[in-house]
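For any residue, its number in our numbering is found by taking its place in the sequence shown, counting from 1, and adding 3. Ideal Cβ placement from N, Cα and C applies to all residues, glycine included. Working notes for the structure below.
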Amino acid sequence: MDRLPVLPLGRVVVYPHVVLPMALTDPFAVQLIDEVVQGNKRLLLGVVRPLGGTEPPEGAVMQARADELYEVGTLGTVVRMLKLGDGSVRVMVQGLERARLVEVTPAEHWLVAGYETLPNTVVEDARTEALKRTVHAQFSRVIDIAPYLGEELHEVLVGISDAGKLADFVAANLDLALPAKAELLAIDDVNRRLERLAELLGQELQVLEVGSQIQEKVRTRLDQNQREYVLREQLRVIRQELGEEEGEDELTELAGRLEAAGLHDEAKKVVDRELKRLRQMSPQSAEYHVARTYLEVFATLPWGRTSQDRLDLKAARDILDRDHYDLKPVKERILEYLAVRTLNPAARGSIMCFVGPPGVGKTSLGQSIAEALGRRFT
4 MDRLPVLPLG RVVVYPHVVL PMALTDPFAV QLIDEVVQGN KRLLLGVVRP LGGTEPPEGA
64 VMQARADELY EVGTLGTVVR MLKLGDGSVR VMVQGLERAR LVEVTPAEHW LVAGYETLPN
124 TVVEDARTEA LKRTVHAQFS RVIDIAPYLG EELHEVLVGI SDAGKLADFV AANLDLALPA
184 KAELLAIDDV NRRLERLAEL LGQELQVLEV GSQIQEKVRT RLDQNQREYV LREQLRVIRQ
244 ELGEEEGEDE LTELAGRLEA AGLHDEAKKV VDRELKRLRQ MSPQSAEYHV ARTYLEVFAT
304 LPWGRTSQDR LDLKAARDIL DRDHYDLKPV KERILEYLAV RTLNPAARGS IMCFVGPPGV
364 GKTSLGQSIA EALGRRFT
């Protein structure tokens, strides 16, 4: 029986076919991932039980013992790894199959275990189809009213026809307690899993719909514009009585920093317009903080300060390979951009847009490009 390293996870369950980004700071977790990447890229993703009513810490729990893991985990693979300068790593792992952990024993710095895969067992019949439709309709409703789910999940949901994949996708995105998530992972019979999921979705819908009804009642009782006007007037009077002018002083200080930043004419027009808007807003409003942050960025940018680009393709490739695992198409595109700059320095620069979920390396790629060019990263 094959034995693989076990990465014990707290508060996280990785289901088959689901890709999950994680940040790992524990040195042993980092070492484990490094060895997995150098080997066959496979590992067992264990789930740490809540002990004494207390949930384990989120992320890798390398000190977990064998008896603290649920019996069923996930056979997974490392899709991507990014090493950071502070010694931590960001990884993307993908679940492959359910796996029953067998003979979990401690190795030098982590647990290792044998495993038995638990393939989906399902007989496609009318009951399966009815359960699929029920779960699909329930989760579609949850997406509509749950604040923690994005509308783009509707498109993904429509494209899933397999009953087992549907159950795992819904379970991975639903805000469930850890024992319920682990319970769904342990059920290999797809019909039973869909039945249990339908029960949990029903409970979640009840909670969400009650919350939605409460919010709707509040909105109908208070006209938003009138409420905002009353609150602003009250705040203005209170500030006058207390003699507080701190907000205005802060804006004056910010205006001085912007004046000293050396903005060019177009930027100065934008800043003047935004400052005028900002002075008319309530400091308590969300829009005020957005506009304030926008102007703070303007004040910190190095206007008028330039540096000489260092266009060394070999050095750039070495820096990208040192800081980033895989990402070959992205790195090739960056080197292509630098090569064009080398051959034609006068060409107008193109804009590269890095798109992806949190933790996949967008910011660190920018830092590597800045280092390769000899520029300051802002």
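Item, Value
"The stretch 284-303 touching the stretch 314-327, judged by at least three CB pairs closer than 8 Å", "no"
"For Gly265, three-class secondary structure by DSSP", "coil"
"Residues bridged to Lys86 (per DSSP)", "Val92"
"Residue closest to Tyr151, alpha-carbon to alpha-carbon, out of Ala201, Trp113 and Leu211", "Leu211"
"Reference Pro286, options Leu197, Leu316, Arg101 and Leu234, closest by Cα", "Leu234"
"Backbone secondary structure at Tyr2 - three-state DSSP", "Nothing about residue 2 can be reported from this structure: the residues present for the chain run from 4 to 381 only."
"Continuous beta strand (DSSP E) stretch holding Val50: start and end", "Arg45 to Val50"
"Continuous alpha helix (DSSP H) stretch holding Leu338: start and end", "Lys331 to Leu346"
"Whole-angstrom distance between Glu262 and Arg282, CA atom to CA atom", "16 Å"
"Residues near Lys44 in its chain [Cβ-Cβ closer than 6 Å; skip 5 each side]", "Thr80 and Val81"
"Any 3 or more C-beta pairs closer than 8 Å across the stretch 48-62 and the stretch 6-19", "yes"
"From Arg83, Asp326 and Glu253, residue whose alpha carbon lies closest to that of Gln41", "Arg83"
"Assigned secondary structure, Arg276 (DSSP; H/G/I helix, E/B strand, else coil)", "helix"
"Three-state class that DSSP yields for Pro11 in the structure shown", "strand"
"Coil, strand or helix - Val105 by DSSP", "strand"
"Local conformation of Asp192 per DSSP, three classes", "strand"
"Simplified DSSP state of Pro182, which is helix, strand or coil", "helix"
"Arg6 in three-state terms, based on DSSP", "strand"
"Limits of the unbroken alpha helix (DSSP H) element including Pro30", "Pro30 to Gln41"
"Assigned secondary structure, Ala133 (DSSP; H/G/I helix, E/B strand, else coil)", "helix"
"Backbone CA spacing between Trp113 and Gly13 [nearest angstrom]", "15 Å"
"Secondary structure of Leu54, DSSP reduced to three states", "strand"
"First through last residue of the alpha helix (DSSP H) which encompasses Val293", "Ala289 to Thr303"
"Buried versus exposed call for Tyr232 [16 or more other C-beta atoms within 10 Å across all chains shown]", "exposed"
"Cross-strand partners of Gly98 (DSSP beta bridge)", "Pro19 and Gly79"
"Simplified DSSP state of Ala375, which is helix, strand or coil", "helix"
"Contact check, Thr108 vs Asp191, beta carbons under 8 Å", "no"
"Beta-carbon proximity check, Leu85 vs Lys135, cutoff 8 Å", "no"
"Which of helix, strand or coil DSSP assigns to Leu234", "helix"
"Segment contact flag, the stretch 193-208 with the stretch 160-173, C-beta cutoff 8 Å, min 3 pairs", "yes"
"Spatial neighbours of Leu266 in its chain, beta-carbon cut-off 8 Å, leaving aside the 5 residues before and after", "Val274, Phe301 and Trp306"
"Beta-carbon proximity check, Arg52 vs Glu71, cutoff 8 Å", "yes"
"Inter-stretch contact at 8 Å, needing at least 3 Cβ pairs: the stretch 20-35 / the stretch 180-194", "no"
"Proximal residues to Glu374 (C-beta, below 6 Å), its chain only, five neighbours per side dropped", "Ile322"
"Residue from Asn347, Asp89 and Pro19 whose Cα sits closest to the Cα of Leu27", "Asp89"
"Local Cβ density within 10 Å of Lys220, reported as buried at 16 or more and exposed below that", "exposed"
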